[in-house]
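Below is one structure; the comments refer to it alone.
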Amino acid sequence: MIKVNHVSKKYGSFTALHAIDLEIGDGEFIAVLGPSGCGKTTLLKLLAGFMGPTDGTISMDDTVLASTKHVLPPEKRNIGMVFQSFALWPHMTVAEHVKFPLSYHPNKVKEGRKELQARIDKVLKLVGLDALAERYPSELSGGQKQRVALARAIAPLPNLLLMDEPLSALDVELRMEMRKEIQKLHRETKASIVFVTHDQGEALAIADKIVVMNQGRIEQIAPPEVLYTRPETEFVATFVGKCNLVKGQWRGDQFVPTIDSDNVWHDLGVADSFKTSGIYPVRPEQFQLMAADSKGMQGVVSFVQYQGHEIQYTVEVGEATWTIHESVVATRFETGDVVGISLKNAPKQTGTIVSN
Amino acid sequence: MIKVNHVSKKYGSFTALHAIDLEIGDGEFIAVLGPSGCGKTTLLKLLAGFMGPTDGTISMDDTVLASTKHVLPPEKRNIGMVFQSFALWPHMTVAEHVKFPLSYHPNKVKEGRKELQARIDKVLKLVGLDALAERYPSELSGGQKQRVALARAIAPLPNLLLMDEPLSALDVELRMEMRKEIQKLHRETKASIVFVTHDQGEALAIADKIVVMNQGRIEQIAPPEVLYTRPETEFVATFVGKCNLVKGQWRGDQFVPTIDSDNVWHDLGVADSFKTSGIYPVRPEQFQLMAADSKGMQGVVSFVQYQGHEIQYTVEVGEATWTIHESVVATRFETGDVVGISLKNAPKQTGTIVSN
Amino acid sequence: MTAKQPIDGERKKRDSSFSLFFQRNNLYKIIGLIVIFIFFLLPVLRLIWLSFVNDGSVTMQYYTEVLREPATWKTVKNTLIVVGGSTILALVLGILFSWLVAYVQLSGKRAMQLFIFLPFVIPSYITTLAWTQFFSASGPVTAMLSWLPGELAAPNLYSMSGIILLLGISHYPLVYLFTVNVFRKIPRELEEAAATSGLSKQRTFWKVVLPLALPGIASGGLIAFLSNLDNFGIPAFLGTPANIRVLSTYIYEQVVGFGPSAFSRAAVLSVILGLIALLGTVLQWFLLRRSRVNETNRSDSTPRIYLTAGKQKLVEALLWIFLLVTSLMPLITMGALSLISAYGVPFKLENLSLRNYEYVFMTDVKPMSALSNSLQLALFTMIVCLVLGTAMAYLRFKYPDWSTKTAELFMTIPYALPGTVFALCMIFMWLEPVPGWNPNIYGTVWILFIAYVTRFLVLQVRGSYTAFLQIDPSMEEAARTSGAAGWVKWRRILLPLLFPGILSGALLVFLMALTELTVSSLLWSSGSETVGVVIFGYEQAGYSTYSTAFSTVLVLGILLGGALFMLLGKLWDRKVLKNK
Amino acid sequence: GSEESGTDSKAGIAGEGVSGTLDFYTSQPDADAQGLVDAFKAQNPDVNVSIFRSGTEEVVSKIQAENQGGNIQADVLLVADSVTFESFKADDLLLNYKSPETESLDQSFVDPDGTYAGTKIMATGLIVNTNDVTELPTSWTDLTDEPTSGQAVMPSPLYSGAAAYNLGVMTRQDSLGWEFYEALQDNDITITQGNGAVLESVATGEKKYGMIVDFLAARAKNDGSPVELVYPEEGVPVITEPVGILANTENEEASKAFVDFILSEEGQKLASQQGYTPIREGIDAPEGLKTLDEMTILDAEAVELLETRSDDKTKFGKIFGQ
Ligand SMILES: Nc1ncnc2c1ncn2[C@@H]1O[C@H](COP(=O)(O)OP(=O)(O)OP(=O)(O)O)[C@@H](O)[C@H]1O
Ligand SMILES: Nc1ncnc2c1ncn2[C@@H]1O[C@H](COP(=O)(O)OP(=O)(O)OP(=O)(O)O)[C@@H](O)[C@H]1O
Ligand SMILES: [Mg+2]
Ligand SMILES: [Mg+2]
């Protein structure tokens, strides 16, 4: 169990992390999610031990790993790390990158050459680089480089695996595959994993627990479904799966949107914090678009994005801009169209799932 | 109009591009999509003029830009480029990065200091880096670096904008925003844009035309909807929006899946190439899962991924592995469950849209 | 990707974990500094102390005296002009050559590199002799100019500009050596990014390439600056006839000036010289202030600029002409002198013989043993400097705080002082490090060894530091998360990445130690004579023909070694790195 | 080494039975110093002599530095000129030892207090390039005449102790004096670093005339250089390469034996063989050089020279614009 205790980190006068508290259980898979520049990489580097916190401590099973005074160096920890910038060694081939931790990591292969080579081959195959084993980093494409970084980190099966956007340069297919491999690894080795990503879908799909960060602070820590269905802050609601924050008035379980005061919406599982601030968070797929008629909410389509299995509309409704996803089989609208908007009645969704 | 004419590129003995043909119309927005290592970056570098083709020519309005003999250097072309690895200058601040092309690019700002500063501010604001103008690259996070690279490329409003995964390090929200800005820029400047991405959603959303590459070859060039609904090769079908290639027999417009020969599926717009190879491509959302009963297709859930607005199931059906997306409101299954699978009847979908 | 680190202040903050280690071990820091102080600064302080005492009482008398003399100020002014001018010349030539070799497609680069080193290894008395003959009334330049219309006279080398020219030419290889690897490591994409931003090749050079090469340029420039400052041979040879004094020659005059105050006055002047050296170092820090780390690249020796065949030929021709004049001409002069029996006999076949070689290598026993001594000394000095210098550079790179900066300053001083002065300092220090205790270092070969290490360590520090500036810290971080610490990390990750830079430093130390003269001439002892001492001895005895014979063999040996080395490098490239 | 006795060496063959180590600091050319030591060792095989050889200036600086450092390592010192010894003598660094062999020397080359004695005669004369000059000069003042304008070269007293000695001596001659040096300056004489540079310059024809120590010129001529040595008629300043023993020598006995040997007939013959004019009367000078009686010697008080050396140099510097 790793405990991050009130850790702050400053770069010069800029505070990148504000008194972070976090617990990483043994064998837990934690995704760290947050917008660009929110401090994800910084958190990871602190966990790895590349630098010490400006304040606070990081401890593991009651021994202090890092404090302002002392930092246990990374080589003495049983970790693996995928660097956001890959950090490949220009003088080593792909195979050598994998061989390196297998020879020096605390979990190194001790059984001899053949075993070592077998492990190298296995890991390379796993990331799909077996054909490129003798290439140097300068001869690889972006995604290939990232896979080398991934292979190097996972090869020694570290106890704590820190991954800084390890799949950002991969295509969806490969990414799914890698995700599955990582999950398999996780199941098999029971390693704790901290997985930084900016992709909320990835975080939702992969983690036991998601940490949402914003501007150097933790906004919410929760399992994926709780996070998605019961976001506690506006930020989490909008960031994790697009959410439209509809303003209005809460009267008990009933919500009257400002924009369309004739209507009453029912509470489908909205967090209390939203109720006090008079907001109803609506997911893009919870809205329904139709041809405009005189009554009900009206908006103007300002942007249309085709997504294959769905169409994403950006609609201006009064002062607000809403995102609405519609199936490709529904009626199509174009930029400039005036549309009517209503809330789908899907009483089952949030309520039941939270209680799952 | 830029014409890529039978261009090949070899790195040593490895052929990264095999006789590529491509046309980029004036003001066209082209997305290049393909798996890791397929040659996207290589194509872009050829278009920029960093290297010459091993074979073939690239010409623009009938003047040859690049051949095996001669390459017009990039600084003489009116281009902008976002590098996959950012390629930021470590000795320059964020503002200087933007100032540079504004001072030297063929489209440079000629009006004087004030105008220049205004343009810098505007571009930085656009990518959300106005607060970090005086930072050096080493003081930025991954996503911030990428935005600097983006800002630098778009600042001079080049005629041809080459973008190599320009948004890969950004979170969904920011990515959407940037996408919109790029599209706006495209509309306003009528620049030709070649946008490399590994993200099919992005490609579908943003481009006039998508080029799908695989292993150094172009698989298909088509507008997004055509590509999604009428993929011409297995590769395109599976790569652009997950697709399950169900094997069976085509009898005219009727398809009998091998796995469930009691059933007959109707042609909802399948390309001829699939018909000849006896395949019915089914999108994950076209399948429906239900509790297993004795008749119909059956499979075993091998993997479940929660995605917020949907659940992604991996199901083993006979020899094949299918991906099926179900709404979160539908019945939930778990790994190991035996499920029944049927094809949703949605006759409208593909047919009508293709004729759009 | 550009890497995480600014070079100075910010790194410290970011790497606070390491300074944290250090805080706990603040003691080590102090101890380290004390050791460095004892080895590098204390000897000099013992000299400086002389400038404050007169008959056992502390006085500022020497300062008021020396500083009041107009001669002092004139000398300082001359020094600044000469050193400034020659450093600029060395920088221009050094940067130009390193850029051409690293960037432009030229044939015969390896041979070129060898020739670039020549002016640096040819003893400066030979260089001056060759150049003065070249420009003399009976020399080829005058002859050539007489063919041209107009009253053109060959430039007078016995002048400020002559000194600047020769110093510049002798020391540009230093800049070259430090810079060429840095150029090779600049990621191509950074230039490509400039090109897409519309910068022409030329602008890209000024705005992107040059700033990125700053670590090398600053180090090379600093070393060239210090070398120009402490050089005695060239200003003495060319300046004496022209009545031009610079600090190094003036200090020598004081030292040999007998009189009770000789050393004291020399010490005062040395302080002035030391201040100028420190000024140079600080200026160099200032230059490096804005330098940032690149993405770590493998050094890339494939050319980036291709010229048309005609232009390439032209550039090659110009380069070779320059190299022939600056490198081959002195070499040939030297070779020719070594073949004749005496100065002034016409260079005709019947006057040529190998008699001088025979004497040097068959009759006289000293040269061979000197060669062996020097080789051993140079080798050990190189190895020790390699280890200590690289370690120091690492500390300097990792913890750029007051302590490492101070340490670097300490190490700069011994190199900046004129050799004679430095040798005197070594005597003060090591004869009896503690009054009454003679550890028997002085008077043995050990004093030479200590002197060489002390004097040349800064070369390795700069060489290695420059190499470190090319390494993105994430390289090391990745090694550490892979479990590699200590020696493994160095052997497998850092050293291979640092290799070319470290090698440049080591090469410099080796060559400097091999040909060292002024320090050795005061510190050698029976049985530990060095190459420099033997050559100096021949020179002083008026046997210039012998000394040229010996020098010729030495230089040819170095050339041969260099050629072998490059051949090995080529093989290494082919076989091990499978470079295309 | 044994230090108990300072008198017994007067008796019998010099230094018979001496042993131990001896540090010999000299500015003689390496081969000559080695030859000397070898000859000495042939007689005294138990003495281990280690040589430190460098330029006079370096040797002197080294001894001074050692003195500052607390302990002079040298036992016997042999460098260019008597002024140097006067300076050490003034600092009480030299041992009083009047070698019995000095009786055969012209007493003007022997320190009356016995701290040092000359070992050979090195005159400074004129060197001429015979390719360019047919009419040999006869006088120092030829260097100040119109025909030699810009053609002459001399070593700098600021670098070379021997040249500084010459400066002191010549400026004290009525026939020459400071006016001579001023005239040299007016006649555009070139100042160069040392005697070696003068030789190079004249032998290669870069300059036609030079002031130079005689043996260098004679040897170059012997080797075939197109040069001629001239002893000007006014006389020549002479340096004597004196030898002395350092006061804190650790092997007084061997040191004395060594000094005795240098001044002995055998030692002097060796000097002659090595190409120097011996100082001991009755031994022939080598080919091309004059013996002591054949030259007119310009002389000055060494003590006085020491006192004024610094001023002399400054004055010289002023004249030559430094
Ligand atoms: N210098 C090189 N030497 C040898 N092979 C290379 C070199 N550069 C690229 N390649 C290979 O060429 C192929 C295409 O590379 P490219 O960089 O164009 O891929 P990409 O499509 O951009 O991939 P990614 O999405 O991973 O960035 C890859 O398989 C890569 O390994
Ligand atoms: N060396 C530095 N000096 C100053 N500020 C820094 C430095 N490194 C990072 N920062 C700032 O700290 C903040 C957090 O950076 P961090 O790299 O942790 O972000 P991140 O969450 O990983 O973002 P991304 O998703 O873009 O990689 C950013 O705003 C960044 O600008
Ligand atoms: Mg990051
Ligand atoms: Mg790529």
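The listed protein sequences derive, respectively, from chains A, B, C and D. Numbering of the first sequence is given in this note's numbering, commencing with residue 267 and proceeding in unit increments. Numbering of the second sequence is given in this note's numbering, commencing with residue 267 and proceeding in unit increments. Numbering of the third sequence is given in this note's numbering, commencing with residue 7 and proceeding in unit increments. Numbering of the fourth sequence is given in this note's numbering, commencing with residue 92 and proceeding in unit increments. Ideal Cβ positions, reconstructed from N, Cα and C, are used throughout, including at glycine. Remember, it's a predicted structure, so these values are computed and weren't measured experimentally.
- The bridge partners DSSP lists for A/Phe569 are A/Thr580.
- For the pair D/Gly241 and D/Asp279, the CB atoms are nearer than the 8 angstroms cut-off.
- In this structure, D/Ala243 and D/Tyr300 form a Cβ contact; the two beta carbons are roughly 4 angstroms apart against a cut-off of 8 angstroms.
- Proximity annotation: ligand 3 has residues A/Lys306, A/Thr307, A/Gln350, A/Asp430, A/Glu431, A/Val462, B/Ser407, B/Gly408, B/Gly409 in chain order, each selected because its CB is closer than 7 angstroms to a heavy atom of the ligand.
- Think of a sphere of 7 angstroms around the beta carbon of C/Glu483: no beta carbon from chain B falls inside it, the nearest being about 14 angstroms out.
- By the CB criterion at 8 angstroms, C/Ile170 and C/Met340 fall outside the cutoff.
- According to the DSSP secondary-structure assignment, A/Thr329 is paired through a beta bridge with A/Met326.
- Proximity of C/Val451 to chain D, defined by a Cβ-Cβ separation below 8 angstroms, is not satisfied.
- Of all residues in the stretch 314-327 of chain D, only Asp314, Gly315, Ser316, Pro317, Val318 place a beta-carbon less than 8 angstroms from a beta-carbon of chain C.
- Within 8 angstroms of the CB of A/Ile472, no CB atom of chain C is found; the nearest one sits about 21 angstroms away.
- A direct Cα-to-Cα measurement between D/Gln364 and D/Arg310 gives close to 12 angstroms.
- A distance below 8 angstroms between beta-carbons, with the five flanking residues on each side excluded, links A/His357 to the following residues of its chain, in chain order: Tyr402.
- With fewer than 16 other Cβ atoms from the protein chains shown falling within 10 Å of its own Cβ, B/Thr542 counts as exposed.
- Contact note: C/Glu356 does not reach chain D at a C-beta cutoff of 7 angstroms; the least C-beta distance is about 11 angstroms.
- Taking non-hydrogen atoms of ligand 1 into account, the C-beta of B/Ser302 is found less than 7 angstroms away from one of them.
- Take B/Leu433, set aside five residues on each side of it, and the residues of its chain with a beta-carbon closer than 6 angstroms to its own are Arg441, Met444, in chain order.
- Boundaries of the alpha helix (DSSP H) around C/Gly507: 501-521.
- Taking the CA atoms as reference points, A/Cys509 sits about 9 angstroms from A/Ile590.
- For C/Pro336, same chain residues with a beta-carbon under 6 angstroms away, outside a window of 5 residues either side, are Ile128, Ile132, Thr133, Ala136 in chain order.
- DSSP, read as helix, strand or coil, puts B/His532 in strand.
- Cα atoms of A/Pro424 and C/Thr387: separation of roughly 43 angstroms, rounded to the nearest angstrom.
- Counting only residues of its own chain and dropping the five nearest sequence neighbours on each side, C/Val277 has a CB closer than 7 angstroms to the CB of Ile54, Ser57.
- Residue contact check for D/Pro120 against chain C: a CB pair falls below 8 angstroms.
- Scanning C/Ala283, C/Thr487, C/Gly449 for the CA closest to the CA of C/Thr418 turns up C/Ala283.
- Using a Cβ-Cβ distance cut-off of 8 angstroms, the stretch 270-285 of chain A and the stretch 386-396 of chain B are not in contact, since fewer than three pairs of beta carbons, one from each stretch, lie closer than that value.
- Contact between D/Phe176 and D/Pro333 holds: their C-beta atoms lie close to 5 angstroms from each other, under 8 angstroms.
- Within chain D, no residue has its beta carbon less than 9 angstroms from that of C/Asn187; the closest one is some 38 angstroms off.
- Assigned with DSSP and collapsed to three states, D/Leu290 falls in helix.
- When beta bridges are read from the DSSP output, B/Gln520 appears opposite B/Arg517, B/His532.
- Following the DSSP letters along the chain, one finds A/Glu485 inside the beta strand (DSSP E) bounded by residues 483-488.
- From the beta-carbon of B/Arg385, no residue of chain C is found nearer than 8 angstroms; the closest lies around 14 angstroms away.
- For the 8 angstroms CB-CB criterion, B/Leu310 and B/Val462 form a contact.
- Contact between C/Ala201 and B/Pro339 holds: their C-beta atoms lie close to 6 angstroms from each other, under 8 angstroms.
- Cα atoms of B/Asn344 and A/Thr307: separation of roughly 36 angstroms, rounded to the nearest angstrom.
- For A/Ala282, the shortest separation between its Cβ and any heavy atom of ligand 2 lies below 7 angstroms.
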